[in-house]
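Take a look at the structure set out below.
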Amino acid sequence: MVFDGTKEMQKIITLTVNPLVDKNTTVVGLRPDTNLAATQAFYHAGGGGINVSRAIHNLGGSSMALFLEGGRTGAHLANLLGSAGIPIKTVHISGHTRENFAVKDRVTQLAYRFSMPGPFVKEAEWKACLTAVEGILNPGDYLVASGKLTTGIPDDFYLQLADIAEAKGAKLVLDTKGKALLEAIKGRIYLLKPNLAELSELCGVSYISYSELEPLAKNFINRHSCEFMVVSLGAKGALLVSAQNIAYIPGVVVSQQSIIGAGDSMVAGMVCSSFQGATPLEMVQYGVACGTATTMRAGTKLCKKEDVEGIYEWIQLREKETNKSF
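The numbering of the sequence shown is the numbering used here, which starts it at -14 and goes up by one.
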């Protein structure tokens, strides 16, 4: 697939209200109470929507990354994205953008990831973020809101975002969890991407068996203003649900190196594909290919286009063979 970030003046915008800088290093043997010699640190921009923008960039597409930034870490984050050639728009906050830390032990090959809490965001700051979205959003645009909220931002923030997207005639793609997700589904959403645990919460059950998955997902989408829901099943693939149809897209067996950013890459693939006019089935097939390709790369590097294209071709070929008449 050949992607572009604009089509007839339409664009893709990603929103991240709790972004981060990922700091990665390695040591030879992780031991307590010891001064460990670490290798040179590598830094990557991160956070739900930012990962989506990075993956879109890897696929040859373009998007604008809108995010809250504060302090030296926030400036570092903006520089990382700018250096990567990803267009950005920032809303400044008084708090400091978080920095996560990952260490890989080269003896055991085990990785340890430390996730720091996000900053407190003042009311004027999160409202300024909504105003910024409203100012740049146009009819037909894709608005991708991905990631958890941070302290200070109300649970209905994504619901307010959904109202703005609907008023602007834009398509909201949402990937979040917890109370923010439960509030957001009261609004109109173009594409919702929960995993099994999140769908369980949405349906008010503690566990979903595979025999219950399809009827519960169908019942959910029939009761909410959601055009498409794609339930991420990890290595097992994904379930595509709309008011009219339901389809299972199987996973692909690969040698996994890391699952960091796989869900965000899946969202990126679906948005890019849908933006270019793909069918809903093709959209999810490409998304599964992107998520799978990301697991083939170590750390936080996200998907490579050549890996994605090979996996996508295999998924489509398998679909044709599966549906042959006997």
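Just so you know, even glycine gets a beta-carbon here, dropped at the ideal spot from N, CA and C.
From a predicted model like this one, the values you see are computed outputs, not experimental measurements.
(message) the ligand ZN and residue 240: does any heavy atom of the ligand fall closer than 6 Å to the residue's C-beta?
(response) Of ligands this structure carries none, so the ligand ZN is not represented either.
(request) For residue 194, count neighbouring C-beta atoms within 10 Å of its own C-beta (all shown protein chains included) and say buried if the count is 16 or more, exposed if not. (result) Exposed, by the Cβ-count rule.
(message) Runs of 4 residues minimum, wholly inside the region 255 to 288: which ones carry the alpha helix (DSSP H) assignment?
(response) 265 to 280
(message) At the level of alpha carbons, what is the spacing between residue 88 and residue 219?
(response) 24 Å
(request) Within 10 angstroms of the Cβ of residue 179, are there 16 or more other Cβ atoms? Answer buried if so, exposed if not. (result) buried
(request) Using the Cα positions of residue 137 and residue 3, report the straight-line distance between them to the nearest angstrom. (result) 11 Å
(request) Just the C-alpha distance for residue 300 and residue 122, rounded to the nearest angstrom, thanks. (result) 34 Å
(request) Please name the residue in 266, 295, 297, 256 whose C-alpha comes closest to that of residue 46. (result) 256
(request) With a 10 Å radius around its C-beta and 16 neighbouring C-beta atoms as the bar for buried, classify residue 244 as buried or exposed. (result) exposed
(message) Taking the beta strand (DSSP E) that residue 9 belongs to, which residues open and close that run?
(response) 5 to 12
(message) I'd like to check one pair, residue 58 with residue 29: are the Cβ atoms closer than 7 Å?
(response) no
(request) Identify every run of the beta strand (DSSP E) within the region 110 to 165, keeping only runs that are complete inside it and at least 3 residues long; order them along the chain. (result) 127 to 131, 156 to 160
(request) Output the distance between the C-alpha atoms of residue 222 and residue 181, rounded to the nearest integer angstrom. (result) 11 Å
(message) Closer than 8 Å is the cut-off here; do at least three beta carbon pairs connect the region 61 to 71 with the region 91 to 106?
(response) no
(message) My parser needs the beta strand (DSSP E) runs of 3 or more residues fully inside the region 192 to 254; what are they?
(response) 211 to 217, 222 to 226, 231 to 235
(message) If I follow the unbroken alpha helix (DSSP H) through residue 181, where does it start and stop?
(response) First-last of the alpha helix (DSSP H) with residue 181: 181 to 188.
(message) Taking contact to mean 3 or more Cβ pairs, one atom from each stretch, closer than 8 Å, check whether the region 199 to 209 and the region 264 to 272 are in contact.
(response) Counting Cβ pairs under 8 Å, fewer than three are found: no touch.
(message) For residue 155, which residues in the same chain have their Cβ closer than 6 Å to its Cβ, ignoring the five residues on either side in sequence?
(response) 122, 126, 128
(message) Can you give me the C-alpha to C-alpha distance between residue 132 and residue 99, rounded to a whole angstrom?
(response) 17 Å
(request) Could you tell me how far apart the beta carbons of residue 216 and residue 224 are, in whole angstroms, since I believe they sit closer than 8 Å? (result) Indeed they touch by this definition, with Cβ atoms about 4 Å apart.
(request) Take residue 7 as the anchor and find which of 85, 210, 281 has the nearest alpha-carbon. (result) 85
(message) Within the continuous alpha helix (DSSP H) that includes residue 43, where are the two ends?
(response) 33 to 43
(message) Within the continuous beta strand (DSSP E) that includes residue 85, where are the two ends?
(response) From DSSP, the beta strand (DSSP E) with residue 85 extends over 83 to 90.
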